[in-house]
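Participant: Chains as they are written, first to last, in this note's numbering: chain A, 1 to 286; chain B, 1 to 331; chain C, 1 to 251. No residue lacks a Cβ here, since even glycine has one placed at the ideal position from N, Cα and C. In this text, all values refer to a predicted model and were calculated from it rather than measured experimentally.
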Amino acid sequence: MGPFVAVMFDGFAYGMLLFLISVGLSVTLGMMNFVNLAHGAFAMLGAYVTVTLMNSYGWTFLATLPFAFIVAGFASVAFEQTLFKPLYRASELDQVLLTIGLVFMAVAAVAYVFGTESQPIHIPDYLRGFFTIGGANFAVYRIFLVVVALAISVLLIAGLEYTRLGAQIRAAVDNQRMARGLGINVDRIFAYTFALGSGLAGLGGALAIEVVGLDHSFALVYLIVMLIIVSVGGLGSISGSFVAAIVIGISDTAGKYYFPYLGAFLIYLVMIAVLMWRPAGLFGRR
Amino acid sequence: MAATSGAPARPHEFLGAQVRWHPLEIVFWLATLLPFVFFPSYLSLASQIAIAALFALSLDLILGYAGIVSLGHAAFFGMGAYTAGLVSKWGWGEPLSLLVISACAAGLVGYATSFVIAKFRHLTLIMLTLGIGLLLYEAANSASWLTGGADGLQGIAMWPLFNTFDYDLWGYTAYTYSLIVLFVIFVATRRLIHSPFGLSLRGIRENSVRMPAIGAPSESHIRTVYTMSAVMAGIAGALIAQTTSTVSLEALSFDRSADVLVMLILGGTGRLYGGLVGSIIYMVARDQFSGVNPQYWLFWIGLLLVLVVMFLPNGILGGLARLKLFARSKP
Amino acid sequence: MSAPALSTRRLDKSFGSLVVAKGVEIGLPAGERYALIGPNGAGKTTLINLMTGMLRPDAGQIFLGDDDITRLAPHERVKRGLVRTFQINTLFPRLNALEAVTLAVCERRGEGADWWRNLPSYRDAIAEAYMILASLHLGDDCERPTHELAYGQQRLLEIALALATRPRVLLLDEPAAGVPQEESGELFAAIANLSQEISVLFIEHDMNIVFRFASRILVMVSGAILVEGTPAEIAADQRVREVYLGSAHHG
Numbered sequence: 001m002g003p004f005v006a007v008m009f010d011g012f013a014y015g016m017l018l019f020l021i022s023v024g025l026s027v028t029l030g031m032m033n034f035v036n037l038a039h040g041a042f043a044m045l046g047a048y049v050t051v052t053l054m055n056s057y058g059w060t061f062l063a064t065l066p067f068a069f070i071v072a073g074f075a076s077v078a079f080e081q082t083l084f085k086p087l088y089r090a091s092e093l094d095q096v097l098l099t100i101g102l103v104f105m106a107v108a109a110v111a112y113v114f115g116t117e118s119q120p121i122h123i124p125d126y127l128r129g130f131f132t133i134g135g136a137n138f139a140v141y142r143i144f145l146v147v148v149a150l151a152i153s154v155l156l157i158a159g160l161e162y163t164r165l166g167a168q169i170r171a172a173v174d175n176q177r178m179a180r181g182l183g184i185n186v187d188r189i190f191a192y193t194f195a196l197g198s199g200l201a202g203l204g205g206a207l208a209i210e211v212v213g214l215d216h217s218f219a220l221v222y223l224i225v226m227l228i229i230v231s232v233g234g235l236g237s238i239s240g241s242f243v244a245a246i247v248i249g250i251s252d253t254a255g256k257y258y259f260p261y262l263g264a265f266l267i268y269l270v271m272i273a274v275l276m277w278r279p280a281g282l283f284g285r286r
Numbered sequence: 001m002a003a004t005s006g007a008p009a010r011p012h013e014f015l016g017a018q019v020r021w022h023p024l025e026i027v028f029w030l031a032t033l034l035p036f037v038f039f040p041s042y043l044s045l046a047s048q049i050a051i052a053a054l055f056a057l058s059l060d061l062i063l064g065y066a067g068i069v070s071l072g073h074a075a076f077f078g079m080g081a082y083t084a085g086l087v088s089k090w091g092w093g094e095p096l097s098l099l100v101i102s103a104c105a106a107g108l109v110g111y112a113t114s115f116v117i118a119k120f121r122h123l124t125l126i127m128l129t130l131g132i133g134l135l136l137y138e139a140a141n142s143a144s145w146l147t148g149g150a151d152g153l154q155g156i157a158m159w160p161l162f163n164t165f166d167y168d169l170w171g172y173t174a175y176t177y178s179l180i181v182l183f184v185i186f187v188a189t190r191r192l193i194h195s196p197f198g199l200s201l202r203g204i205r206e207n208s209v210r211m212p213a214i215g216a217p218s219e220s221h222i223r224t225v226y227t228m229s230a231v232m233a234g235i236a237g238a239l240i241a242q243t244t245s246t247v248s249l250e251a252l253s254f255d256r257s258a259d260v261l262v263m264l265i266l267g268g269t270g271r272l273y274g275g276l277v278g279s280i281i282y283m284v285a286r287d288q289f290s291g292v293n294p295q296y297w298l299f300w301i302g303l304l305l306v307l308v309v310m311f312l313p314n315g316i317l318g319g320l321a322r323l324k325l326f327a328r329s330k331p
Numbered sequence: 001m002s003a004p005a006l007s008t009r010r011l012d013k014s015f016g017s018l019v020v021a022k023g024v025e026i027g028l029p030a031g032e033r034y035a036l037i038g039p040n041g042a043g044k045t046t047l048i049n050l051m052t053g054m055l056r057p058d059a060g061q062i063f064l065g066d067d068d069i070t071r072l073a074p075h076e077r078v079k080r081g082l083v084r085t086f087q088i089n090t091l092f093p094r095l096n097a098l099e100a101v102t103l104a105v106c107e108r109r110g111e112g113a114d115w116w117r118n119l120p121s122y123r124d125a126i127a128e129a130y131m132i133l134a135s136l137h138l139g140d141d142c143e144r145p146t147h148e149l150a151y152g153q154q155r156l157l158e159i160a161l162a163l164a165t166r167p168r169v170l171l172l173d174e175p176a177a178g179v180p181q182e183e184s185g186e187l188f189a190a191i192a193n194l195s196q197e198i199s200v201l202f203i204e205h206d207m208n209i210v211f212r213f214a215s216r217i218l219v220m221v222s223g224a225i226l227v228e229g230t231p232a233e234i235a236a237d238q239r240v241r242e243v244y245l246g247s248a249h250h251g
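1) Spell out whether any CB of chain A is found under 7 Å from the CB atom of valine 69(B).
2) Could you name the residues of the same chain whose beta carbon sits closer than 6 Å to that of alanine 38(A), not counting the 5 residues immediately before and after it, in chain order?
3) For leucine 266(A), does the three-state DSSP call read helix, strand or coil?
4) Which chain C residues are close to histidine 194(B), counting only those with a beta carbon under 7 Å from its beta carbon?
5) Runs of 4 residues minimum, wholly inside the stretch 187-249 of chain B: which ones carry the alpha helix (DSSP H) assignment?
6) When the Cα atoms are used, what is the spatial distance from leucine 320(B) to alanine 327(B)?
7) Starting from methionine 44(A), trace the alpha helix (DSSP H) in both directions and tell me its first and last residue.
8) Report the rounded CA-to-CA distance for arginine 94(C) versus threonine 146(C), giving the unit in angstroms.
9) If contact means a Cβ-Cβ distance below 8 Å, which residues of the stretch 112-136 of chain B contact chain A?
10) Between histidine 305(C) and chain B, is any beta-carbon pair separated by less than 7 Å?
11) Would leucine 153(B) pass as an interface residue toward chain A - the criterion being a Cβ-Cβ separation below 7 Å?
12) Quick check: the stretch 206-213 of chain B against the stretch 69-79 of chain B, are at least 3 beta-carbon pairs closer than 8 Å?
13) Could you tell me which uninterrupted alpha helix (DSSP H) segments, each at least 4 residues in length, are contained entirely in the stretch 12-49 of chain B, listed from first to last along the chain?
14) Going by the beta-carbon positions, is the gap between serine 195(B) and alanine 216(B) smaller than 7 Å?
15) Pick from Gly134(A), Ala273(A), Phe138(A), Gln119(A): whose alpha carbon is nearest that of leucine 127(A)?
16) Using DSSP's beta-bridge definition, name the partner residues of leucine 18(C).
17) Beta-carbon within less than 7 Å of alanine 160(C)'s beta-carbon, same chain only, minus the 5 sequence neighbours each way: which residues are those?
18) Would DSSP call glycine 38(C) helix, strand or coil?
19) Listed from N- to C-terminal order along the chain, which residues in the stretch 40-64 of chain B have their beta-carbon within a distance smaller than 9 Å of any beta-carbon of chain A?
20) If we ignore side chains and look at the alpha-carbon of each, how far apart do arginine 275(B) and valine 260(B) end up?
21) So the candidates are Gln168(A), Phe12(A), Phe194(A); which of them puts its Cα closest to the Cα of leucine 182(A)?
22) Can you say whether tryptophan 277(A) is buried or exposed, counting buried as having 16 or more other CB atoms within 10 angstroms of its CB?
23) Inspect the beta-carbon positions of glycine 53(C) and arginine 80(C) and report whether they are closer than 7 Å.
24) Can you confirm whether phenylalanine 92(C), when its beta carbon is compared against all beta carbons of chain E, has any partner nearer than 7 Å?
25) Buried or exposed: which applies to arginine 123(C), given that a residue is buried once 16 or more other Cβ atoms fall within 10 Å of its Cβ?
26) Out of Leu54(B), Trp29(B), Phe77(B), Leu45(B), which has the shortest C-alpha to C-alpha gap to aspartate 255(B)?
27) List the whole-angstrom C-beta distance separating isoleucine 193(B) from tyrosine 273(B), where the pair is believed to meet the contact cut-off of C-beta under 8 Å.
28) With distance defined between alpha-carbon atoms, name the residue in Phe74(A), Met32(A), Thr64(A), Gly115(A) nearest to lysine 85(A).
29) Near alanine 219(A), which residues of its chain fall below 6 Å by C-beta distance, leaving aside the five closest residues on each side in sequence?
30) Check this for me: beta carbons of serine 44(B) and glycine 171(B), under 7 Å apart or not?
31) Would arginine 202(B) pass as a contact of alanine 118(B) if the rule is Cβ separation under 7 Å?
32) Please report how far the alpha carbon of serine 5(B) lies from the alpha carbon of glutamine 87(C), in whole angstroms.
33) Between which two residues does the alpha helix (DSSP H) harbouring threonine 102(C) extend?
34) Would isoleucine 235(B) count as contacting chain C if we go by Cβ distances under 7 Å?
35) What do you reckon, are the CB atoms on glutamine 95(A) and phenylalanine 34(A) nearer than 7 Å?
36) With alanine 224(C) as the anchor, note down where its beta strand (DSSP E) starts and where it stops.
Right, dumping it as structure tokens:
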């Protein structure tokens, strides 16, 4: 009983992390139909911001988090306005190729600047350690992860439901042409959404260092997981990303624990199975 | 609606002209013989290029002609490589029959997956191809009792070609063999492109919605071409196993799928020779830069992709075609 | 009395709470030209999508002659002779007109999967394609890629593609949509020249075409057939006037 609950919790916490990293990609894909494979690079950027601030400038972990968010957000808008915008009407293949090219460049640049070794950080003592409940160990850091992610999810959903910007975002995701017709400045909305999504990815990346480690290949490795979550959850759906992230997080963690022979296998099978059953994802339309 | 051309159209001649071998094509294939004379020390590389070109050609068939974006085509390449390697390990190493066996194995996997592939488009399709490729990679990784896992396949024992031509150190046999296989398959592919089936594929690429509306069984066509492409990729994989006597997980990896995509995009999709030209340039460049830090190489490939998408969307051959049109329109 | 060439029985379709087809029943007798009119959003194109199989109905049946085709895949229906054109040009941009029509002819002849013989060797198919193009005055431009053709020519190519499949029932979705006055003459001629053996149902907003060609008019509003009758009856019908104001002066 003990290990099972612990594994479930770990999987859930991992899923929360994946949600933060992936939700931005789902929304921007749903809104603009732009296949942004460089999303992982922004997550990686946030992580390296935290590493640099902590290891080179002595900042505390929590203080770096808002900066991971902000830097990733700003950087993404810079790319969006210059490189991505001209490609909104281009073919999927072109979008895939351009953004993959950017990821390659990011990975290589990071390896050049930071080297290829894993980048450790020292999280503060109050985030270390375990709670032991009923024979199961619950890592403090993972509890922290869950709390942060849930808080952000609540903020996101509340923001979407109750703010004007949120209403505009929902309109733009639902029907871009109609939103434009209603006078909504879809291009600006998209820039905000893009920044927000990439910022969250950056934050997620920073939070991920302690859980999965960080090296120059992060952007590429986690890109695949992100894409799986987005396809499984459904484009443009926050709740879809949430559910998919939990499913993938638990499948991966439980899979590796109970069936180590299957390894990473399991999440690919889950993705293929879901896509065949529901091509638009669990919560997707179209 | 006045006619813009002076003479009345002659439909049969027009279509016929598109099928004839262009002099440049003859030049190209004659040029592939140059390495024997001018670059004898590079024949192993030439052999690798020929194999990469075959692989790129197989991808062009589905991507450039049918419009199917695949991020996991290495699945079939690796399938062919491992099949050839394993069968030779188990005692049968005759090269030509191994080509056939590997082609069948890869073709079977291609046929099975084609049922899934044919039903989807856009992002779902891209993700499925990626997922299938990754799945196969992980499966091969886990089944290390069969594949040798990360160490690669051990104990490959290829027999000499026709029982006389051994794979010499200099690569004469390897290049001759690979080149001939490439050429034969190329001629068959060229025929396919210029057939009614080739026209149907282009129809699917140009407007997949219109195809069923003119009575075309698109899904069936896609299954057929996907299987054919898998067969070709499998043969390329088998060739690698035979000419280098090594098979590793790399043959199934996302890296390999991405590489072949880059080669094809570089040369230009849907132009038959795009994959060939792209492979030559890519592999030669990689060979020249092989001493350099791999991160350096990755950066430039990334930059190349960005630049190609922004400035040369139809690849090198597309750029050349546009140049020719531009030059022709000048008085 | 033989069954109509095309008929539907109680066709229903909704997207969530949006009802796009409600108990639609139509009957198109063989050889007749019927027009389907109605305000934008009435569900006319949706009805064509349902009949051709691009959309699956929630309830109801579709018949081609005596055969129930409700479960047939779209390309199967084309093989049985039910063909449509699109309101927005749905062509093959980089294929030239000759290739496009030849493609349709080859598919009809079951040769679409032939991969071993060169296309030029299919002389009959090419000749037939050229003949169709020539009859629509596209013969001289048949070597040009589709995206280079004038808009009016592209509309004609839409029809050429449909004709290449040798339809028994032809559904024309606003064939004159967006065609400027100078170029519409060719289009009128094309529709007038359609063989009497083909049964035609066309959606049109252009009342010139409707009154000139249709022997019967169906009026569709909010997913249901409001009324049907001869052109004279429809022109005089008060309900139609209310629902469809100003359309008589269209075009």
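Facilitator: Taking the definition as stated:
1) Output row for valine 69(B): interface = yes.
2) Answer for alanine 38(A): Thr99, Leu102, Val103, listed in chain order.
3) Leucine 266(A) falls in the helix class under three-state DSSP.
4) Per Cβ cutoff of 7 Å: Asn118, Leu119.
5) The qualifying runs are 196-206, 210-213, 218-244.
6) Cα atoms of leucine 320(B) and alanine 327(B): separation of roughly 10 Å, rounded to the nearest angstrom.
7) Start and end: 39-57.
8) Taking the straight line joining both Cα atoms gives about 6 Å.
9) For the stretch 112-136 of chain B, the residues whose beta carbon sits under 8 Å from a beta carbon of chain A are, in order, Val116, Lys119, Phe120, His122, Leu123, Thr124, Ile126, Met127, Leu128, Leu130, Gly131, Ile132, Leu134, Leu135.
10) Absent from the model: residue 305(C). The displayed extent of chain C is 1 to 251, so no value can be given.
11) Cβ-Cβ to chain A under 7 Å: no for leucine 153(B).
12) No contact exists between the stretch 69-79 of chain B and the stretch 206-213 of chain B.
13) If we require 4 residues or more, the alpha helix (DSSP H) runs fully inside the stretch 12-49 of chain B come out as 23-31, 34-38.
14) No, the Cβ-Cβ distance between serine 195(B) and alanine 216(B) is not below 7 Å.
15) In terms of Cα proximity to leucine 127(A), the closest of Gly134(A), Ala273(A), Phe138(A), Gln119(A) is Phe138(A).
16) DSSP lists Phe15(C) as the beta-bridge partner residues of leucine 18(C).
17) Taken in chain order, the residues that qualify are Val101, Ile132, Leu133, Leu136, Leu138.
18) Of the three classes helix, strand and coil, the one that applies to glycine 38(C) here is coil, per DSSP.
19) Leu63: these are the residues of the stretch 40-64 of chain B whose beta carbon lies less than 9 Å from some beta carbon of chain A, given in chain order.
20) The displayed chain sequence assigns glycine, not arginine, to residue 275(B). So the alpha carbons of these two residues sit roughly 8 Å apart.
21) Between leucine 182(A) and the set Gln168(A), Phe12(A), Phe194(A), the nearest pair of CA atoms involves Gln168(A).
22) Classification for tryptophan 277(A): exposed.
23) Not a contact, by the Cβ cut-off of 7 Å.
24) Looking for chain E here will not work: the only protein chains present are A, B and C.
25) Per the 10 Å Cβ criterion, exposed.
26) The shortest CA-to-CA distance from aspartate 255(B) to any of Leu54(B), Trp29(B), Phe77(B), Leu45(B) is the one to Phe77(B).
27) Tyrosine 273(B) and isoleucine 193(B) do not touch by the CB rule: their CB atoms are close to 11 Å apart, not below 8 Å.
28) Looking at the Cα atoms, Met32(A) is the closest of the given residues.
29) By the criterion of a C-beta distance shorter than 6 Å, alanine 219(A) is surrounded in its chain by Gly40, Ala41, Met44, Val103, Ala106, Val107, once the five residues flanking it on both sides are discounted.
30) For serine 44(B) and glycine 171(B), yes; Cβs fall inside 7 Å.
31) No, the Cβ-Cβ distance between arginine 202(B) and alanine 118(B) is not below 7 Å.
32) Annotation note: pLDDT 42 at serine 5(B) (below 50); position unreliable, coordinate value reported separately. C-alpha separation (whole angstroms): 29 Å.
33) Taken as a continuous stretch (DSSP letters only), the alpha helix (DSSP H) holding threonine 102(C) covers 97-108.
34) So, not an interface residue.
35) Yes. Within cutoff.
36) Looking at the DSSP string, the run of the beta strand (DSSP E) that includes alanine 224(C) is 224-229.
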